[in-house]
Amino acid sequence: MSITAEESTSNYHHQKPPFYRDAIVVKWLFQIGALALVIFALWFLSSQARDNLTARNISTGFDFLSVDPGINLSEGIDTRPSTGGRALWVGMVNTIRLATAGIFFATLLGLIVGLARLSNNWLVKKVGAIFVETLRNIPLLVQILLYGAILANLGDLEFDSGWDNWVIWSNKGVSIPRVFIADGFYQWAVFMILGAIAARYAYNQRSKLHDETGQDTFPWLWSSGVLGVFALIGWFIHPIFSWVGSIFGAISDGISKIPEEILQIALSIAAIAIAGRWIQNFLQSRRTPGGAARLNDDDKFRIIFAGVGAAISILVIFVVWPGLTSWMINSSSDLFSVLENKFGNGRTGGPFGVDRPEVIKPGKFEKYGPSGLTMSIGFAAVFFGVVLYTAAFIAEIVRGGILAVPKGQIEAANSLGMKRSTALRTVILPQALRVMMPPLGNQYLNLTKNTSLAIAVGFSDLVQVGQTVGNQTGKNLSVFAIWMLFYLACSLTISVAVNFFNVRLKIVER
Amino acid sequence: MSSENKQETRPDMIACENVDKWFGDFQALKGVTATIAEQEVVVVLGPSGSGKSTWIRCINRLEAHQRGTIVVDGVELTNDLRNIEKIRSEVGMVFQQFNLFPHLTVLDNVTLAPKWVRKMPKADAEIKAKELLEMVGIPEQASKFPGQLSGGQQQRVAIARALAMEPKIMLFDEPTSALDPEMIKEVLDVMKDLALGGMTMMVVTHEMGFAREVADRIIFMESGEIVEVGTPEHFFTDPTEDRTKLFLSQIL
Numbered sequence: 001m002s003i004t005a006e007e008s009t010s011n012y013h014h015q016k017p018p019f020y021r022d023a024i025v026v027k028w029l030f031q032i033g034a035l036a037l038v039i040f041a042l043w044f045l046s047s048q049a050r051d052n053l054t055a056r057n058i059s060t061g062f063d064f065l066s067v068d069p070g071i072n073l074s075e076g077i078d079t080r081p082s083t084g085g086r087a088l089w090v091g092m093v094n095t096i097r098l099a100t101a102g103i104f105f106a107t108l109l110g111l112i113v114g115l116a117r118l119s120n121n122w123l124v125k126k127v128g129a130i131f132v133e134t135l136r137n138i139p140l141l142v143q144i145l146l147y148g149a150i151l152a153n154l155g156d157l158e159f160d161s162g163w164d165n166w167v168i169w170s171n172k173g174v175s176i177p178r179v180f181i182a183d184g185f186y187q188w189a190v191f192m193i194l195g196a197i198a199a200r201y202a203y204n205q206r207s208k209l210h211d212e213t214g215q216d217t218f219p220w221l222w223s224s225g226v227l228g229v230f231a232l233i234g235w236f237i238h239p240i241f242s243w244v245g246s247i248f249g250a251i252s253d254g255i256s257k258i259p260e261e262i263l264q265i266a267l268s269i270a271a272i273a274i275a276g277r278w279i280q281n282f283l284q285s286r287r288t289p290g291g292a293a294r295l296n297d298d299d300k301f302r303i304i305f306a307g308v309g310a311a312i313s314i315l316v317i318f319v320v321w322p323g324l325t326s327w328m329i330n331s332s333s334d335l336f337s338v339l340e341n342k343f344g345n346g347r348t349g350g351p352f353g354v355d356r357p358e359v360i361k362p363g364k365f366e367k368y369g370p371s372g373l374t375m376s377i378g379f380a381a382v383f384f385g386v387v388l389y390t391a392a393f394i395a396e397i398v399r400g401g402i403l404a405v406p407k408g409q410i411e412a413a414n415s416l417g418m419k420r421s422t423a424l425r426t427v428i429l430p431q432a433l434r435v436m437m438p439p440l441g442n443q444y445l446n447l448t449k450n451t452s453l454a455i456a457v458g459f460s461d462l463v464q465v466g467q468t469v470g471n472q473t474g475k476n477l478s479v480f481a482i483w484m485l486f487y488l489a490c491s492l493t494i495s496v497a498v499n500f501f502n503v504r505l506k507i508v509e510r
Numbered sequence: 511m512s513s514e515n516k517q518e519t520r521p522d523m524i525a526c527e528n529v530d531k532w533f534g535d536f537q538a539l540k541g542v543t544a545t546i547a548e549q550e551v552v553v554v555l556g557p558s559g560s561g562k563s564t565w566i567r568c569i570n571r572l573e574a575h576q577r578g579t580i581v582v583d584g585v586e587l588t589n590d591l592r593n594i595e596k597i598r599s600e601v602g603m604v605f606q607q608f609n610l611f612p613h614l615t616v617l618d619n620v621t622l623a624p625k626w627v628r629k630m631p632k633a634d635a636e637i638k639a640k641e642l643l644e645m646v647g648i649p650e651q652a653s654k655f656p657g658q659l660s661g662g663q664q665q666r667v668a669i670a671r672a673l674a675m676e677p678k679i680m681l682f683d684e685p686t687s688a689l690d691p692e693m694i695k696e697v698l699d700v701m702k703d704l705a706l707g708g709m710t711m712m713v714v715t716h717e718m719g720f721a722r723e724v725a726d727r728i729i730f731m732e733s734g735e736i737v738e739v740g741t742p743e744h745f746f747t748d749p750t751e752d753r754t755k756l757f758l759s760q761i762l
């Protein structure tokens with residue numbers, strides 16, 4: 001549009017270019033052409049795949065998720081899953097467990113080693129360097145196999161292996177006491193919520209006092225102290241909150257009485273409102289100081305997209321999935337009645353319980369009983385593998401991040417008389433973290449994906465379970481799809497979390 | 511500013527005696543001996559690599575000297591960490607590259623050290639910071655980040671940040687060398703005001719106009735040694751040493 005406007009003001013005779021030279025027409029033709037190409041490629045590949053699969057008698061589909069796969073898993077929340085879906089879920093939980101523990105300990109160890117490499121102490125520095133250079137240069141699979149082999153050399157499991165049934169170790173793994181949520185937990189949780197509010201209040205008060213007097217007022221110490229007091233008191237008198245359950249019961253009853261139509265209309269209004277709000281904000285953000293918003297084609301497309309989104313939502317609510325609203329009503333009503341049960345029915349026990357591990361001997365072979373928290377040799381091998389391997393990389397990221405802070409920053413902090421610890425906390429770390437976050441996120445992604453090497457030592461992670469399920473049911477293709485979706489979801493979650501911190505740490509420039 | 515009177519009546523703020531400093535095999539300072547009296551403004555001149563910056567950085571222990579003594583406001587600089595922290599909180603420093611904290615606003619840059627080192631209440635520190643920003647002429651930039659300011663503005667924030675610690679001595683290490691010509695004046699003006707206000711100042715610079723106008727004494731260094739010391743009139747019109755004459759002939 002702007003081209004014609006400019007040309008009409010010029011003295012030259014205006015001539016409309018042929019369509020193949022018109023920038024706007026060409027742009028749209030390319031867009032449509034690219035879209036057509038993508039659709040064709042997808043159609044071609046999928047039809048080819050379908051034909052080939054039928055020709056080779058490979059079946060797809062997800063029926064197996066609700067069928068008994070007839071397999072035993074070596075460890076997890078359920079070792080004899082009743083359906084294929086349940087089996088894969090056990091694998092996912094194992095993978096998430098491994099990845100979460102791995103990320104936590106790899107970060108901790110990496111931080112320590114990275115700081116050690118920056119130390120002025122010759123010995124500490126060299127130990128850090130050897131740690132990094134050794135561990136990051138041995139392939140992870142080799143390390144996992146090595147740790148597995150070493151751990152397999154622990155002694156056989158006996159009734160007196162370990163220490164007085166608190167910690168037991170053997171070549172079948174390590175078992176420690178399991179802490180579990182007991183009857184009184186939910187009543188105690190109410191205390192903890194109140195405690196968190198009080199702790200926040202204490203934190204704010206102490207910070208305010210620091211601002212007013214300049215003295216060290218230890219806000220973190222105070223707020224954790226307040227939380228601790230609440231936890232302790234709540235431990236003994238938590239049953240006084242058993243009446244909270246009846247509130248949830250009332251909410252549950254109330255929700256179940258909402259008519260479907262009202263929820264449908266409310267959801268439609270919400271969809272329209274969200275789309276409208278989004279368009280409004282978008283237009284606001286495109287507003288120039290001159291006043292009127294100048295929109296390019298992309299902007300228009302986005303606005304249309306928002307409108308179409310709202311329309312599709314309404315279509316889904318009323319036509320495509322009319323059961324949606326009743327499902328929402330029922331499930332949220334159920335959720336609250338579950339909460340009601342968690343409080344009521346004579347739940348008077350403590351918030352937590354502890355089960356010590358035990359050694360049982362059902363037949364020929366000794367094995368751990370179900371009561372303790374048992375870390376199998378497989379888990380330990382993969383865990384040490386990913387933690388040590390990733391820690392080596394994280395150590396380098398930490399070292400690089402701190403070295404990336406210009407020397408002048410440290411000199412400026414020193415010249416203002418700051419102590420080393422103050423300078424580290426207020427000047428160096430905030431700037432180093434900004435450099436460290438993106439590569440650190442990459443390492444978390446790598447660690448999560450690397451846990452799939454668990455198959456080498458027979459740990460029941462998602463890949464190992466999926467392979468077994470696939471072999472049993474013949475639905476390998478479907479299992480592949482689930483694997484990919486699961487790792488994609490994990491990676492996206494980590495990326496979102498890392499980006500959140502990146503944005504917060506960003507330095508404002510011109 | 512009658513420097514002769516000052517030197518005789520005022521006590522020494524900085525006293526260096528036979529200070530030697532090596533970087534590996536290279537001797538950067540060779541027996542530097544000089545004193546700077548309270549409220550005196552001393553400008554250190556010399557060609558690049560003559561040890562001016564090294565010397566000024568030794569005075570608040572950003573570099574450690576290896577031989578000789580440096581006494582600042584009656585406290586000798588040794589490896590004693592308590593002495594170093596005490597001296598650093600009494601000696602303000604302004605760097606060639608500003609070294610502002612890029613992740614903090616201008617106001618936070620100025621209040622950070624008073625809050626954490628002097629334990630000053632936040633409100634008081636902010637009032638003081640705003641006064642100082644007013645003094646250096648940029649009160650309206652308080653909530654911006656250093657990256658959003660011009661070089662001259664950044665250097666003035668750096669001066670305010672150093673002054674917020676209420677130092678007895680201000681060290682300037684080539685404060686205008688990284689600035690565009692039109693921004694040099696705004697920084698020099700702030701420094702002139704400081705000098706007139708009675709601050710003890712030691713300035714490493716290449717700004718001859720500033721040296722001539724503001725300095726009580728000029729110290730000329732070359733190859734890590736003090737070659738000549740004197741008033742600006744003496745230094746610019748009638749220098750004694752040949753090396754000083756050669757330097758002046760090259761720059762004037």
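Those protein sequence lines, which keep their order, are chains A and B.
451 is the number that the numbering used here gives to position 451 of the first sequence; each next residue is one higher, with no gaps.
667 is the number that the numbering used here gives to position 157 of the second sequence; each next residue is one higher, with no gaps.
We put the beta carbon where it would ideally sit given N, CA and C, even for glycine.
Bear in mind the structure is a predicted one, so any value in this text is a computation, not a measurement.
From the DSSP output, read off the bridge partner residues of B/ASP817.
Residue numbering for chain B in the displayed model covers 511 to 762; residue 817 of chain B lies beyond these limits and cannot be assessed.
Alpha-carbon to alpha-carbon, B/PHE682 and B/ALA544:
17 angstroms
Quick check: the Cα distance between A/PHE19 and A/PHE30, rounded to an integer number of angstroms?
13 angstroms
Beta-carbon contacts of A/MET92 that lie in its chain and below 8 angstroms, excluding the five residues immediately before and after:
Setting aside the 5 residues that flank it on each side, A/MET92 is surrounded in the same chain by LEU462 and PHE486, each with a C-beta closer than 8 angstroms to its C-beta; the list follows chain order.
Give the DSSP bridge partners of B/GLY602, in chain order.
DSSP links B/GLY602 through a beta bridge to B/MET680.
Taking the alpha-carbon of A/GLY254 as reference, which of A/ALA271, A/SER331, A/SER224 and A/ASP216 has the nearest alpha-carbon?
A/SER331
Alpha helix (DSSP H) containing B/GLN651: first to last residue?
Segment: none, B/GLN651 is in no alpha helix (DSSP H) and carries neither H nor E.
Rounded to the nearest angstrom, what separates A/SER2 and B/GLY602 at their Cα positions?
Note that A/SER2 has pLDDT 46, beneath the 50 cutoff, so the model's placement of it is unreliable and the number below is only indicative. Between A/SER2 and B/GLY602, the C-alpha separation is close to 57 angstroms.
Length-filtered (4 minimum) alpha helix (DSSP H) runs lying within the stretch 314 to 369 of chain A:
324 to 343
With a threshold of 6 angstroms on Cβ separation, who are the neighbours of A/GLN409 within its own chain once the five nearest residues in sequence on each side are excluded?
VAL427
Taking the Cβ atom as the reference point for each residue, do B/LEU698 and B/GLY661 lie within a distance shorter than 7 angstroms?
no
Bridge partners of A/ARG136, per DSSP?
Its beta-bridge partners do not exist; DSSP assigns none.
Using a Cβ-Cβ distance cut-off of 7 angstroms, determine whether B/GLU595 contacts chain A.
At least one chain A Cβ lies under 7 angstroms of B/GLU595.
From A/SER285 to B/GLN658, what distance separates their C-alpha atoms?
Rounded to whole angstroms, the gap between the alpha carbons of A/SER285 and B/GLN658 is 22 angstroms.
Does B/PRO677 pass the burial test, meaning 16 or more other C-beta atoms within 10 Å, or should it be called exposed?
buried
Using 10 angstroms around the beta-carbon of B/MET711, count the other beta-carbons present and answer buried if the total reaches 16, otherwise exposed.
Taking every protein chain shown into account, the CB of B/MET711 has 16 or more other CB atoms within 10 angstroms, so this residue is buried.
Chain A contacts made by the stretch 618 to 629 of chain B, where a contact means CB separation under 7 angstroms
Per Cβ criterion, the list reads LEU622, ALA623, LYS625, TRP626, VAL627 and LYS629.
Name, please, each residue of chain B whose Cβ falls closer than 7 angstroms to the Cβ of A/ASN414.
Going along chain B in sequence order, the residues near A/ASN414 (Cβ under 7 angstroms) are LEU572 and ARG598.
Kindly examine the ligand FMN and report whether one of its heavy atoms sits closer than 6 angstroms to the Cβ of A/LEU505.
Here there are no bound small molecules, and the ligand FMN is not part of this structure.
Within 10 angstroms of the Cβ of A/ILE77, are there 16 or more other Cβ atoms? Answer buried if so, exposed if not.
exposed
Using a Cβ-Cβ cutoff of 8 angstroms, what residues of the stretch 416 to 434 of chain A are near chain B? List them in chain order.
Taking 8 angstroms as the upper bound on Cβ-Cβ separation, chain B lies near residues LEU416, GLY417, MET418, LYS419, THR422, THR426, VAL427, PRO430, GLN431 and ARG434 of the stretch 416 to 434 of chain A.
Against chain A, with Cβ distances strictly below 7 angstroms, would B/MET645 count as a contact?
no
Could you check how far apart the C-beta atoms of B/SER653 and B/THR621 are, in whole angstroms? I think they sit under 8 angstroms.
So it is not a contact: roughly 12 angstroms between Cβ atoms.
Bridge partners for B/ARG727 per DSSP, in chain order?
B/VAL552
Using a cut-off of 8 angstroms between C-beta atoms, extract the partners of A/ASP511 located in chain B.
Here chain A comprises residues numbered 1 to 510, so residue 511 of chain A is not present and cannot be evaluated.
Taking A/PRO69 as the reference, which of A/LEU88, A/ASN57 and A/ALA99 has the closest Cα?
A/LEU88
For A/GLY102 versus A/ARG117, is the C-beta distance shorter than 7 angstroms?
no
Where A/ARG56 sits in the DSSP three-state scheme:
Three-state result, A/ARG56: coil.
Beta strand (DSSP E) segment containing A/LYS407, residue limits
Per DSSP, A/LYS407 belongs to no beta strand (DSSP E); it is in the alpha helix (DSSP H), 407 to 415.
Could you pull the DSSP bridge partners for B/LEU704 from this structure?
Assignment of beta-bridge partners to B/LEU704 by DSSP yields no partner.
Please confirm if the stretch 450 to 457 of chain A is in contact with the stretch 382 to 390 of chain A, defined as three or more CB-CB distances below 8 angstroms between the two stretches.
yes
Local Cβ density within 10 Å of B/ASP618, reported as buried at 16 or more and exposed below that:
Taking a 10 Å sphere around the C-beta of B/ASP618, we find 16 or more other C-beta atoms and assign the residue as buried.
Grab the span of the alpha helix (DSSP H) containing B/LEU617 for me, first residue to last.
Per DSSP, B/LEU617 is one residue of the alpha helix (DSSP H) stretching across 616 to 626.
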